[in-house]
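Our numbering applies: residue 209 is where the sequence shown begins, and numbers increase by one. All residues carry an ideal CB built from backbone N, CA and C; glycine is no exception. Keep in mind the model is a prediction, meaning the values are calculated, not measured.
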Amino acid sequence: MRRPVLTIAILAIMILAPWSLTTSALEENEQNMTIGRAGNIVISELLISPNNLVSNSTSGNMNVYNATDWNGDGDYGKYSDQFIEIWNSGDSTVDVSDWVLSTTSGSPPCQIAWNTNISADGRIVIFRADSDLDLSYFDGETVTITDDSANVVDTMTFPEKDSFYGKSYVEDSNGNLVKVTPTPGWGPSDTGTYTVAQNIVKCYKVSNTDSSRAFLLQGRVVTMESETGVINQGNVMVRDGKITGVWSSADQPPAGVDFTNVPIVETEGTIYPGLIDLHNHMHYNHIPLWDFNVHLNENQRSDEGGYTNRYQWGDNWDYGPSITWMKNNIQDRDRWDMASEQMKYAEVQLVAGGVTAVQGSPSSGTQAWDSILARNVELYNFGQDNVQTCAVCSWNENSYNSQGKLADMADGDLEAWFIHLSEGVDSSSKQEFEDLYAKGLVKEQTMVIHGTGLDRAQFDKMAAVNADLIWSPLSNLLLYGDTTDVVEADNAGVRISLAPDWGPSGSKSNLHELKTADLWNTEILNNHFTNYELAQMVTSNPAAATGWGNFVGQVKADLYADLVVLDTFHEDPYRNLIEAIDADVRLTVIQGKAVFGDVDIMQELQGNDWEYLNGTDFQKAVDITSMTEVDGTQTFQEIESGLAMAMRNEFEDIKANWVDVDGMTDTEINAWLGTSFDGDYRDEVNHLKNLTLDPIYTTGDDRYFDVINRSTHANFHVDLGKLYDNYYDVEMVNGDRVNVNVQLPDDTSNPGNNNNGGGNTVLPGPDDNSGNDNTGSTNNTDNSGSNQEPGAPSGQDDDEFVDDAKADDDTKRQLTLILVIIVIAMLFALFIISKTGGDELLESGEALIEKMWDDENPEPEAEENVNDSASSVEEDSTSAESQDVSQSEETKQKVANAMKSAGLSAVRMFAKIDQTSDGFVSRRELRTAISGILKGNVKMKDIDSMMTTFDSNGDGVISLDEFLAEMEDKQSFVPKLPEMAPPPKKK
209 MRRPVLTIAI LAIMILAPWS LTTSALEENE QNMTIGRAGN IVISELLISP NNLVSNSTSG
269 NMNVYNATDW NGDGDYGKYS DQFIEIWNSG DSTVDVSDWV LSTTSGSPPC QIAWNTNISA
329 DGRIVIFRAD SDLDLSYFDG ETVTITDDSA NVVDTMTFPE KDSFYGKSYV EDSNGNLVKV
389 TPTPGWGPSD TGTYTVAQNI VKCYKVSNTD SSRAFLLQGR VVTMESETGV INQGNVMVRD
449 GKITGVWSSA DQPPAGVDFT NVPIVETEGT IYPGLIDLHN HMHYNHIPLW DFNVHLNENQ
509 RSDEGGYTNR YQWGDNWDYG PSITWMKNNI QDRDRWDMAS EQMKYAEVQL VAGGVTAVQG
569 SPSSGTQAWD SILARNVELY NFGQDNVQTC AVCSWNENSY NSQGKLADMA DGDLEAWFIH
629 LSEGVDSSSK QEFEDLYAKG LVKEQTMVIH GTGLDRAQFD KMAAVNADLI WSPLSNLLLY
689 GDTTDVVEAD NAGVRISLAP DWGPSGSKSN LHELKTADLW NTEILNNHFT NYELAQMVTS
749 NPAAATGWGN FVGQVKADLY ADLVVLDTFH EDPYRNLIEA IDADVRLTVI QGKAVFGDVD
809 IMQELQGNDW EYLNGTDFQK AVDITSMTEV DGTQTFQEIE SGLAMAMRNE FEDIKANWVD
869 VDGMTDTEIN AWLGTSFDGD YRDEVNHLKN LTLDPIYTTG DDRYFDVINR STHANFHVDL
929 GKLYDNYYDV EMVNGDRVNV NVQLPDDTSN PGNNNNGGGN TVLPGPDDNS GNDNTGSTNN
989 TDNSGSNQEP GAPSGQDDDE FVDDAKADDD TKRQLTLILV IIVIAMLFAL FIISKTGGDE
1049 LLESGEALIE KMWDDENPEP EAEENVNDSA SSVEEDSTSA ESQDVSQSEE TKQKVANAMK
1109 SAGLSAVRMF AKIDQTSDGF VSRRELRTAI SGILKGNVKM KDIDSMMTTF DSNGDGVISL
1169 DEFLAEMEDK QSFVPKLPEM APPPKKK
């Protein structure tokens, strides 16, 4: 009777012990919610139906329904003038910076602009044009405002199909909705007379970055803090969207780095800052490289045979059909209406090349284009919005407000001003710079895009004020036959960034533009720029130029986690970046979220939230869906197929989708197309083209290289045929380079990395010795192969790990109490065992051990050999050769365990791992298999051992013959080998 009573008492204590902490936590949480709801900030007014006008095209009669342009932007109707008013009903100022507004219609939530304070009894107004918040008349809405701690502060709900044109909703003293004349930004007691809203504030879309996730990337780290800032055995800790630590495995981790619930990703690659593109035209980047003939007379062309300035090639008769129409029709709401799809596609093209931020997104229609994948430089980033672009602005006209621009620069309201300048090789292009300089607009904030015609004296003027230069060599060569004199710019001291310009005449991303820059540097500039300096042009230079040096551009603690990981195939980390091509991109991370990369790494970091993005003989994964983006449920496959259809311009598709031809007969449609799309030909013939959607990857894009190679003026100074030969003609198997085996030297302690003073901290936990990896365990949840939590005992997964150092005092006391109870219970159990039945229990345990041995080894040794195994291992450890043999045998045993678990013969196991069915297994296929068929038995750290064990001829891949030769003694039956020939070498 005493045993059951004691057991019940112990269980009662263990169950009730956590009660006090749980109760207090719930009370504290409820108190926080109460405080949030009890605030003085309220949603005071909503305008749902600003008359019956939906766009400027329907606003010819400004008196229709007493139309009012409430935000004064020239647009009438719901897409612009719907608004939400926020009122501070209290008696003190409230800072609402970064507070979030959301609706139930599916519009992405938005974050109120930085430095927004509402004074006592003050009001601010957020318009749809500045927030993309759609207040749906047909569905009704609940509008919610939450503070920066995610506490709900206030809500207002309106019913479906109830609002009146030109009337707002407000709540009376009883909380009932009342329809009134709009008063955006002023209250009932305000005696002023207003025709537009007061206190308009922007609300920026909240980016869905999954930034609360934490993970540790391991690999060679290129910090870009200095040329020597390279860590061969590096670690980069990412948490909450930022880098919290960077250190070498030869050093101890930084103090304060939180290892709680952190998966470890051994990238087997090189980790760089994300690439930054400071010049692009994103809304053109579904259009393939323009295949054109220069339409000018010989005496009007450049010395190389190209155009002489940017104002000429737009007059080419083919420019409309090949470029302008293909851009406009895709985005036109009355035609293909694929603006958001086009921008998503273009940004996938960037992240596939490791680009994490881009300049040159459209300045209007932000509902479709804001913050989809890569950062948009001109939009809201890092709590600021101080970047502007003058792509085709009228700066050279007398009416241009130069003084206003200069005042913005002086006040710090403008940190970077991008301007197309001197794009051409003639005297008129050169004069543009002098005209801008005369207006005083060449300043530190000035970002000169192209500067193709500038000379040393003009670069000296730029350097004197620290203005920046953005270089786009491929586009310059294809349009003009020559490019910017970057040597003179560099000699003058001008900081240079590299960017691809746009799809019709440039590379797909910075990664590929680097090849043209490197080729030009080698063939024409006599290697003026070092490999490190070229790498700076796409990382640290553009970050510093934009005023982002404290946020991105380096791999450094406290910066945002914008990163790219490339395969390590070159000992020089900067050549590794310059020569990397599509298949080499292992991972792209933007603010702590993995958006693109190898399938196995994306599985580890994103679970199942990704889709395949196939290339030529390689496979990647991309995550393009988001519940916080407009049209965020669209998959990449849907986007790609829709754009490909639109690019074909087939009659039946136009008939089915274009509003312009709605209700027309086929004859009428053909006549309308003939008059609308005859362009400069003026022949009433439809010149819409059937074009191929520009591929995501450069590798395999034969048309891209063909257009470049056939351009005589582009090849005047340099043989651009070497782009393919020198960089893309790489022998690969399943995306892995063949015969590459880079052995990096071990870091010495403290190789110069900045880890914010972590030298006194010891990485928790013992080394991950192979003897503790639980290869026979059936509950090993090793998704990446190296998922062990730092600080946990070897073999323990991260979801079992508890970081005591982060537990609060109450939790520590409870854990101590539970531990004491467990110890007492164990002592009591041992006492009982010693008195009753102990011998039988021990005999039972011995039998269990013998059975486990039988399960793990089909042919166990004699019992005396088992007992002597410890001494045998000790003797073998004195011989390095014996250790290698032992490791190889251990690796084969792990694979044998996987075969046994899956019920597969060696042939069938090989076939499962060989995803491409070409008779060879690459390192990449091994990585994927470790997350699948080999999971629970083989880990990522075993890849090197697997390659050593099975790749007997050292060619970088494992053949079926090699695999079976090693696994023959691990199974009782090996089927006859099928005839398999190796795949042909790739050219």
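What do you reckon, are the CB atoms on residue i and residue j nearer than 8 Å?
i    : j    : result
P953 : V438 : no
D690 : H925 : yes
I249 : L343 : no
S339 : L254 : no
G620 : K638 : no
W322 : D306 : yes
V414 : V304 : no
V772 : G449 : no
V430 : I832 : no
H491 : Y553 : no
V746 : N718 : yes
N729 : H736 : yes
T475 : Q426 : yes
D775 : D792 : yes
Between which residues of its own chain and residue i is the CB-CB distance below 6 Å, once the five residues before and five after are set aside?
i     : result
Q406  : G393, W394
D499  : V915
D888  : W525
M1117 : M1107
G882  : E892, V893, N894
N536  : none
So, at 8 Å on beta carbons, what are the nonlocal neighbours of residue i in its own chain, with the 5 sequence-adjacent residues on each side left out?
i     : result
D1159 : V1165, I1166, E1170
K1178 : K1100, Q1101, V1103, A1104, M1107, A1114
N898  : M855, R856, N857, E858
Does residue i pass the burial test, meaning 16 or more other C-beta atoms within 10 Å, or should it be called exposed?
i     : result
A1132 : First, the residue type needs correcting, since residue 1132 is Arg and not Ala in the sequence shown. Buried.
K369  : exposed
T1099 : buried
D289  : buried
P903  : buried
E631  : buried
M1175 : buried
E1097 : exposed
E236  : Note that E236 has pLDDT 37, beneath the 50 cutoff, so the model's placement of it is unreliable and the number below is only indicative. It is exposed - the Cβ of E236 has fewer than 16 other Cβ atoms within 10 Å.
Q539  : buried
I216  : Only weak support exists for where I216 lies, its pLDDT of 48 falling under 50; the coordinates are left without a value.
Q744  : buried
T401  : exposed
I'd like to confirm something about residue i: is its beta-carbon nearer than 7 Å to some heavy atom of the ligand SAM, or not?
i    : result
I408 : You won't find the ligand SAM in this model; it holds no ligand whatsoever.
Just tell me which of the options has its CA closest to the CA of residue i.
i    : options                  : result
G298 : A328, W322, V948, L343   : A328
S533 : T1136, V760, N857, V556  : For the sequence presented, residue 533 should be read as Trp rather than Ser. For the residues T1136, V760, N857, V556, the minimum Cα distance to W533 belongs to N857.
I798 : D523, D370, V559, T311   : V559
D790 : A864, S1113, Y936, M1175 : Y936
F335 : W322, A275, P258         : P258
V656 : I495, F423, W679, A665   : W679
G943 : Y905, L424, Y768         : Y905
V702 : L733, A753, K716         : A753
F366 : G757, T389, N923, T312   : T312
K716 : A458, N488, A337         : N488
Q550 : N749, L901, E379, D808   : L901
Excluding five sequence neighbours on each side, which residues of the same chain lie with their C-beta closer than 7 Å to the C-beta of residue i?
i    : result
V650 : L644, K669, M670, V673, A675
V695 : L733, H736
Exercise. So does the region 579–590 actually touch the region 548–566, counting three or more Cβ pairs closer than 8 Å?
Worked result: Taking 8 Å as the limit for Cβ pairs, the verdict is that the region 548–566 does touch the region 579–590.
Exercise. Below 8 Å, can you find three or more Cβ-Cβ pairs linking the region 837–855 to the region 543–555?
Worked result: yes
Exercise. Counting pairs of beta carbons, one from the region 1109–1117 and one from the region 926–934, are three or more of them closer than 8 Å?
Worked result: no
Problem set entry | the region 1140–1157 contacting the region 1115–1122, beta-carbon criterion three pairs below 8 Å | yes
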